[in-house]
Amino acid sequence: MVQELIDVSGENSVKGQPDFIIIGAQKCGTTSLYQYLIQHPQILPASQKEVHFFDLNFVRGVDWYRQQFQPVSQGLITGEASPYYIFHPLVAERVYKLFPQVKLIALLRNPVERAISHYYHEVRLGCEKLGLLDAIAQEFARLKEETAKMLADANYYSYNHQHYTYLSRGIYVEQLKNWRQFFPKEQLLVLPSEELYNQPNQVLNQVLEFLQLPSYQLTQYDKYNSGEYPEIKPEIRQQLQEYFQPYNQQLEEFLGVKFPW
Numbered sequence: 001m002v003q004e005l006i007d008v009s010g011e012n013s014v015k016g017q018p019d020f021i022i023i024g025a026q027k028c029g030t031t032s033l034y035q036y037l038i039q040h041p042q043i044l045p046a047s048q049k050e051v052h053f054f055d056l057n058f059v060r061g062v063d064w065y066r067q068q069f070q071p072v073s074q075g076l077i078t079g080e081a082s083p084y085y086i087f088h089p090l091v092a093e094r095v096y097k098l099f100p101q102v103k104l105i106a107l108l109r110n111p112v113e114r115a116i117s118h119y120y121h122e123v124r125l126g127c128e129k130l131g132l133l134d135a136i137a138q139e140f141a142r143l144k145e146e147t148a149k150m151l152a153d154a155n156y157y158s159y160n161h162q163h164y165t166y167l168s169r170g171i172y173v174e175q176l177k178n179w180r181q182f183f184p185k186e187q188l189l190v191l192p193s194e195e196l197y198n199q200p201n202q203v204l205n206q207v208l209e210f211l212q213l214p215s216y217q218l219t220q221y222d223k224y225n226s227g228e229y230p231e232i233k234p235e236i237r238q239q240l241q242e243y244f245q246p247y248n249q250q251l252e253e254f255l256g257v258k259f260p261w
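Numbering of the sequence shown is given in UniProt numbering, commencing with residue 1 and proceeding in unit increments.
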């Protein structure tokens, strides 16, 4: 299927394409960062923040994807932010085969907070009926063989993989290793979400430097799509912290950076 899409991409070279993609992670500030970026006078927004081409709409073909971007003149760039990309097992290779020069941005939040926020997000959507502890306990069973099915059949859609991955999405090191199989580290900017929350303008300008654009002073600092949730019992947080600790350590060793978790 990828080869077919590559062939189609040459049919209309005047259509747009992304200069950057915010690949995730979910519930890590991707909406806020994207809204900050498109305030910059040299960044044009896509038709929507989350195009979800490489994960949910790949069958539509790359010509459809190009239509989601305005053709840009010199000095302007465009991009999108679909936070399922980082986690979906097929996306990294798909992006590489179609747009190998695209710049990638990943926001990573404390996986304990990310998991809790994700759970309550699914509750609000009406997708999750189990309690928090039960949902976490059922994750392994819900995901059994789902990734293998996705890898075996490019057209297979896994509802459970998209919605019930509270723990799995927080194992960032495995996801980034997959992306680094295809993209050099210079092409992938990884940032802690907490820095974006605490110093939005500073992080924005770090991203702009990565995109080779002039710095910009934000006029609007709203935190988008954050979602509120009730206080979590300390023992639950401790359980999650212990689960993620070895993966966080592996992540720091892999990237050579420290995270504030």
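In this text, a Cβ means the ideal position worked out from N, Cα and C, and glycines have one as well. As the structure is a computational prediction, the values presented were derived from the model and not from experiment.
Worksheet item: Can you name the start and end residues of the beta strand (DSSP E) that Ile105 belongs to?
Response: Position 105 of the sequence shown, counted from the start, is the residue given in the question as residue 105. Looking at the DSSP string, the run of the beta strand (DSSP E) that includes Ile105 is Lys103 to Leu108.
Worksheet entry | Val102 versus Leu108, Thr165 and Glu93, residue with shortest Cα-Cα distance | The count along the sequence shown starts at 1 and reaches residue 102 at position 102. When only C-alpha atoms are compared, the closest one is Glu93.
Item to complete: Excluding the 5 residues preceding and the 5 following Phe244 in the sequence, name in chain order all residues of the same chain whose CB lies nearer than 7 Å to its CB.
Response: Mapped onto the sequence shown, residue 244 falls at position 244. Counting only Cβ-Cβ distances below 7 Å, and skipping sequence neighbours, we find Pro111, Val112 and Gly170.
Discussion item. Check for me: the alpha helix (DSSP H) holding Ala115 runs from which residue to which?
Written reply: For this step, residue 115 is matched to residue 115 along the sequence shown. It spans Pro111 to Leu125 - the alpha helix (DSSP H) in which Ala115 sits, taken as one unbroken run.
Worksheet item: For Leu167, which option in Leu189, Glu228, Leu240 and Glu194 has the closest C-alpha, if you only look at C-alpha atoms?
Response: Residue numbering aside, residue 167 sits at position 167 when the sequence shown is read from its first letter. That would be Leu240, whose Cα lies nearest to the Cα of Leu167.
Worksheet item: By how many angstroms is the C-alpha of Lys233 removed from the C-alpha of Tyr96?
Response: Walking along the sequence shown from the start, residue 96 turns up at place 96. Walking along the sequence shown from the start, residue 233 turns up at place 233. Their backbone Cα atoms lie some 42 Å apart in a straight line.
Practice prompt. For the alpha helix (DSSP H) holding Leu196, just list the boundary residues, first then last.
Written response: The residue you call residue 196 lines up with position 196 of the sequence shown. Segment Ser193 to Asn198, the alpha helix (DSSP H) holding Leu196.
Discussion item. Rounded to whole angstroms, what is the Cα-Cα separation between Val203 and Gln249?
Written reply: What you label residue 203 is simply residue 203 of the sequence shown in a count that begins at 1. What you label residue 249 is simply residue 249 of the sequence shown in a count that begins at 1. Roughly 23 Å separates the two Cα atoms.
Worksheet item: What is the rounded straight-line gap between the Cα of Val72 and the Cα of Thr78?
Response: Numbered from its first residue, the sequence shown carries residue 72 at position 72. Numbered from its first residue, the sequence shown carries residue 78 at position 78. Approximately 7 Å between the Cα atoms of the pair.
Fill in: For Leu188: DSSP bridge partner residues
For the purposes of this step, residue 188 is taken as residue 188 along the sequence shown, with counting starting at 1. Leu104.
Worksheet item: Is it buried or exposed for Asn12, if we count other Cβ within 10 angstroms and need 16 for buried?
Response: As a working mapping, residue 12 is identified with position 12 in the sequence shown. Reliability of the predicted coordinates at Asn12 is poor, the pLDDT of 34 falling under 50, and the value obtained from them is presented with this limitation in mind. Flag for Asn12 reads exposed.
Item to complete: Compute the distance between the beta-carbons of Pro83 and Thr30, then report whether it is under 7 Å.
Response: Start at 1 with the first residue of the sequence shown, and residue 83 comes out as number 83. Start at 1 with the first residue of the sequence shown, and residue 30 comes out as number 30. Closer than 7 Å, so yes.
Worksheet item: How many Å lie between Glu253 and Ala154 at the Cα?
Response: Walking along the sequence shown from the start, residue 253 turns up at place 253. Walking along the sequence shown from the start, residue 154 turns up at place 154. Whole-angstrom Cα-Cα distance: 32 Å.
Worksheet item: Contact between the stretch 129-149 and the stretch 40-60: three or more CB pairs below 8 Å?
Response: no
Worksheet item: What are the residues that DSSP puts in a beta bridge with Phe20?
Response: Taking the sequence shown and counting its residues from 1, one reaches residue 20 at position 20. DSSP output for Phe20 lists Gly79 and Lys103 as bridge partner(s).
Worksheet item: Gln188 and Leu104: beta carbons closer than 7 Å?
Response: To locate residue 188, count along the sequence shown from 1; it is residue 188. To locate residue 104, count along the sequence shown from 1; it is residue 104. One detail in the question is off: residue 188 reads as Leu in this sequence, not Gln. The answer is yes: Cβ separation under 7 Å.
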